[in-house]
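Engineer: In this note's numbering, the protein residues as written are 218 to 608.
We treat Cβ as the ideally placed atom computed from N, Cα and C, and that holds for glycine.
The structure that follows is given in the form of structure tokens.
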């Protein structure tokens, strides 16, 4: 495990981590200086342990919210205030110089966005008062609450997305995977919440509709081409599906492998399955014991791991189920389990409310199971693979 402690760099500064990679950590910091809001994009060199200013911006509009997406050589900064326009700024990580700066105007009020790759954004717009009728008619036709646009940074063109699935899913149901330089999208298309779907199963004799969960896979480049051509459908592959008798739910990914949970309602059997993108094969990774009400299964989404968390008296019992061989017992006084690194280091969190200050303080603990000792920190914590960042 590698611990990167950059609290001394930040002291009391409020920062947001953007990217953690083997050489650098990128983060954003917003400050109010002399009545002006300023946004700083910074880089921490993991080898030299020095901080470097990449670039900074004066936010003339105090209502601006920023969304930052990091890639190998660039960062994309989105500035928006919930209106019908947003600024899209492409920044070179090394020089801090702007590659592109564009104002993009869409129909509706900004809701959310995501970068598919270095060159393409999906932008979702919600109804506003000026376009209420347009959105109402659009929903009648497609069933979608939001409009979606694909924006191409290279050509400075935006395309109205005519594929209802992309407009309907939203950012939370689109996951990105990079496999040997090729980007894929995992599209999560559940019928409804788990409890709702199980209720439909119980009442299935009265239901004729196709009640189904699907998980789809597509190549980012093919999707972008199809959307730019204005097609109302696109090239995709269904990698998991469950009708009214079962469900499938995405859990995470690791490299080119996608993991999902499958549950059969009749028997109550739950399994963790995987789909290997390169091989195109499905596998069963584990069967979950749902009969033990005292065991909770926790997941680390990316890179994917599954742990069974049980309890006995004042002890937590941690056992790795998928992509982990951990078998650790620790005292619950040091907080709730978050993850286990290298089958040895347990990361936990504990929140304590102060009556005096009327504030909640969060502490993170790193417990070394081999040496049976721990350290705790009052700060923020982020884990990526075998790297733990304290900030």
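For a test of the three-state rule: what should DSSP assign to residue 488, helix, strand or coil?
Structural biologist: Strand.
Engineer: When you compare each of 506, 507, 522, 463 to residue 491 by their alpha carbons, which one comes out closest?
Structural biologist: 522
Engineer: Since residue 584 and residue 533 should fall inside the 8 Å C-beta cutoff, what is the C-beta to C-beta distance between them, to a whole number of angstroms?
Structural biologist: With 8 Å as the limit, residue 584 and residue 533 do not qualify as a contact, their Cβ atoms being about 10 Å apart.
Engineer: If contact is defined by three or more beta carbon pairs under 8 Å, each pair taking one atom from either stretch, is the segment 231 to 240 in contact with the segment 280 to 293?
Structural biologist: yes
Engineer: Which residue from 497, 316, 482, 275 puts its Cα closest to that of residue 290?
Structural biologist: 316
Engineer: Please state the DSSP three-state secondary structure of residue 351.
Structural biologist: Three-state result, residue 351: helix.
Engineer: State the DSSP-derived secondary structure class of residue 590, mapped to helix, strand or coil.
Structural biologist: strand
Engineer: With the cut-off set at 7 Å, would you say residue 512 and residue 487 are in Cβ contact?
Structural biologist: no
Engineer: Going straight from the alpha carbon of residue 409 to that of residue 249, what length do you get?
Structural biologist: Their backbone Cα atoms lie some 43 Å apart in a straight line.
Engineer: With 7 Å as the threshold, decide whether the Cβ of residue 600 is near any Cβ in chain C.
Structural biologist: Any reference to chain C falls outside this structure, which holds one protein chain only.
Engineer: Whole-angstrom Cβ separation of residue 432 and residue 406, contact assumed at under 8 Å?
Structural biologist: 7 Å
Engineer: Helix, strand or coil for residue 331, going by three-state DSSP, please let me know.
Structural biologist: Strand, per DSSP.
Engineer: Assign residue 478 to buried or exposed, taking buried as 16 or more other Cβ atoms, counted over all protein chains shown, within 10 Å of its Cβ.
Structural biologist: buried
Engineer: Could you give the DSSP three-state label for residue 551: helix, strand or coil?
Structural biologist: In the structure shown, residue 551 sits in a helix (DSSP, three-state: H, G or I).
Engineer: Kindly indicate which residue of 305, 608, 434, 560 has the alpha-carbon position closest to the one of residue 293.
Structural biologist: 305
Engineer: Tell me which same chain residues have a C-beta within less than 8 Å of the C-beta of residue 540, skipping the five on either side of it?
Structural biologist: 471, 520, 521, 522, 523
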